[in-house]
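Peer 1:
Residue numbers (the UniProt record's numbering): 1 to 690.
Right, here's the structure in full:
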């Protein structure tokens, strides 16, 4: 009995945890253990237990949860665990390398996203005519803020506000009296800050005008200059004038844009100052570094206020030749004394002088200082219409390595002398062929200084011109009111009293108040009158009523902006010219990798039938009308051998093909792309390896 008890005692202790064994061992003898003699009987010094060795070994070879490090190491060194671990390790390393390489490849091959000034049309607002908030008959900054929902309703995200600096309003505010203040007619600086905040809260951007060439003669700088005060003495261009028989003889034959001599005698300084525009707008002396620094400070001030970009106007006038030679007359037989009109001279010495582009590049450099934050690129446009000299216009883009404007404003579609399919083609082709590689085009069909579409070319062409504007590659610029087809007011409705304290030296009929609804004054003002008369057609041509018509000019405009924003070929794809004649202009928009193509058939003449299959045999025989200036035609199928269009009708056709036009040999030299991009259906992304 004693022997059995002795044999069973160690096993009982082990089960109860009285003895701890930190490993699997075989035939281990227990050592003598000290015990509390007061509580336990003396145990035998040694005892042994018969254990089956095979059973113990099986227990050792099976891992268990919570095993200590010493036991775990015994298993980790076994081949089956070591090899598996190494395989997993190298798979993780290889997967990480592949992921990094794929990420680098996607970044390297993907074209950059369109910037905000490329992705959206630009909506140009003449603030005095947009919306009056205080019933004084003049549009103002608060009025613009009230109507921001209209901008988003048009699917537009960029606003361009023309000049609102404090000014005597000669030339309608383009001669600033103070570049750091708002003219009271438009509101206060607080109003401007609130407007900027509201614009950005809606996810919109804002561009403002800046004309650095001249100031108002009321400007503090001019007042100090005419008195020869300190550094301001040479802020303007002063020359001695010859006086004879009580009249002033100017230094040369230079003529202002508005006609007559560009030199004006000043009674205070007893010299003549130079003005390229009105005599109330003296030109700054940009050969003076202090003047250039003043303009840089102005740029920084407004960018600091949150402005997203500038359109610099009249920049080709910034420098004049220092030798003051007479400019050559267009008609060499004309008597020099009879030259009074700007068009009678070649302006070789008063425009686009050497050093001009250095100044513009310096503007760009200053703006880039504010473009370092992600998503806060500051746009720069230049508003100079070189008309006949397209190469001079293209110089404002800068070079491959030295950037100037993001784009110079394109007035080709406004300057056309007559309307036809051929003239539209020439206007488009001229810009696209001369634009430097990799640059971004832009288009405008209206501006504050040109008659509205309906007045210039006829109201039957309003819709087709908007269709052209919004389907060409590049950034479209819409002048307020063109989205509803506003017309000029009658010239007899405009008198000198409509321009504050000065003669009419600029055009006004295209600046009539925006037509919001059919109420008195077209909803522009709740006051008794507006600064210019509202067009008499406001009850049928207004935003409110057209928003309820599915076939209105406004509805078509919105459908076109939505198409442009949602379809890749329309906002960054190829543009290929297919056909033009005196009636129609036809082109396609397509993107590498996408089989969906859009073809525009636009009629700018009389009713016409066009056989496009004869022109491009590889075109499909049928296409679907995606959009039409006649809304009832949308969704219909047309035969490409027989496409009929009425006067002023426009069609956006959609078809699928695996043979895009820009790859066809017959159309080489007729296709343009600003930024190459290819679409990968497999990855659902764009890449550049076209």
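Note that the Cβ used here is the ideal one computed from N, Cα and C, for glycine as well. Treat the numbers as computed from the prediction; the structure is a model and nothing was measured.
1. Residues in the same chain with beta-carbon distance under 7 Å from residue 549, minus the five sequence neighbours each way, listed in chain order, please.
2. So for residue 381, helix, strand or coil by DSSP?
3. Count the other C-beta atoms from every protein chain shown that fall within 10 angstroms of the C-beta of residue 301, then say buried if there are 16 or more, exposed otherwise.
4. Do the stretch 536-547 and the stretch 507-516 meet, that is, are 3 or more Cβ pairs less than 8 Å apart?
5. From residue 213 to residue 629, what does the alpha carbon distance come to, in whole angstroms?
6. How would you label residue 267, buried or exposed, when you count the other beta carbons within 10 angstroms and need 16 or more for buried?
7. Per DSSP, what are the beta-bridge partners of residue 693 in this structure?
8. Return the first residue and the last residue of the alpha helix (DSSP H) that residue 194 is part of.
9. Cutting at 7 Å between CB atoms, please list the residues of its own chain near residue 498, excluding the five before and the five after it.
10. Where does residue 635 land, buried or exposed, given buried means 16+ other C-beta within 10 angstroms?
11. What are the residues that DSSP puts in a beta bridge with residue 603?
12. What separation, rounded to the nearest whole angstrom, lies between the Cα atoms of residue 663 and residue 450?
13. Using only alpha-carbon positions, find the residue among 122, 72, 203 that is nearest to residue 474.
14. Would you list the one or two residues that DSSP bridges to residue 445?
15. Looking only at its own chain, which residues have a Cβ that is under 8 Å from the Cβ of residue 351, when we skip the five neighbours before and after it?
16. Residue 357 by DSSP, collapsed to three states: which one?
17. For residue 5, which residues from the same chain have a beta carbon less than 7 Å from its beta carbon, with the 5 sequence-adjacent residues on both sides left out?
18. Could you check what DSSP says for residue 308 in three-state terms: helix, strand or coil?
19. On the DSSP bridge list, what partners appear for residue 475?
20. Could you check the C-alpha separation between residue 598 and residue 649 for me, to the nearest Å?
21. Going by Cα to Cα distance, which pick from 276, 250, 677 is closest to residue 109?
22. By the three-class DSSP mapping on this structure, what secondary structure does residue 653 have?
23. As a quick exercise: from 437, 433, 427, 116, pick the residue whose alpha carbon is nearest that of residue 445.
24. Could you check the C-alpha separation between residue 129 and residue 455 for me, to the nearest Å?
25. What residue from 592, 608, 360, 671 has the CA that sits closest to residue 685's CA?
26. Apply the 10 Å Cβ neighbour rule to residue 189 and answer buried if 16 or more other Cβ atoms are within range, or exposed otherwise.
27. Select from 447, 526, 558 the residue whose C-alpha is nearest the C-alpha of residue 487.
28. Thinking residue 605 and residue 421 are a contact (beta carbons under 8 Å), I'd like their distance in whole angstroms, please.
29. Classify residue 332 as helix, strand or coil using the three-state DSSP reduction.
30. Given this structure, state the Cα-to-Cα distance separating residue 405 from residue 175, to the nearest angstrom.
31. Within the 8 Å Cβ cut-off, does residue 562 reach chain D?
32. Helix, strand or coil for residue 496, going by three-state DSSP, please let me know.
33. Whether or not the stretch 430-444 and the stretch 384-392 are in contact is what I'm after, with contact meaning three or more pairs of Cβ atoms, one per stretch, closer than 8 Å; do they touch?
34. Could you pull out every residue in the same chain whose Cβ sits closer than 8 Å to the Cβ of residue 569, ignoring the five residues on either side in sequence?
Peer 2: Straight from the coordinates:
1. 555
2. Correct three-state label for residue 381: strand.
3. exposed
4. yes
5. 42 Å
6. exposed
7. The chain is shown from 1 up to 690; residue 693 falls before or after that span and cannot be answered.
8. 189-201
9. Caution applies to residue 498, whose pLDDT of 48 falls short of 50 and renders its modelled position unreliable; the value that the coordinates give is listed next. The residues are 508, 531, 532.
10. exposed
11. 584
12. Residue 663 and residue 450 have their C-alpha atoms spaced approximately 39 Å apart.
13. 122
14. Per DSSP, none; premise fails for residue 445.
15. Listed in chain order, the non-local C-beta contacts of residue 351 below 8 Å within the same chain comprise 316, 317, local neighbours out to five positions each way being set aside.
16. helix
17. Note that residue 5 scores 44 on pLDDT, short of 50, meaning its location in the model is unreliable; the coordinates nonetheless yield the value given after this. For residue 5, where only same-chain residues beyond five positions count, there are no Cβ hits under 7 Å.
18. coil
19. 442
20. Rounded to the nearest angstrom, the two C-alpha atoms are 16 Å apart.
21. 677
22. strand
23. 427
24. 18 Å
25. 592
26. exposed
27. 447
28. Between residue 421 and residue 605 the Cβ distance is about 6 Å, and since that is below 8 Å, they are a contact.
29. coil
30. 22 Å
31. Of the protein chains in this structure there is only one, and it is not chain D.
32. In this prediction, residue 496 scores a pLDDT of 43, lower than 50, which makes its location untrustworthy; no coordinate-derived value is stated.
33. yes
34. 589, 590, 591, 594, 596, 597, 598
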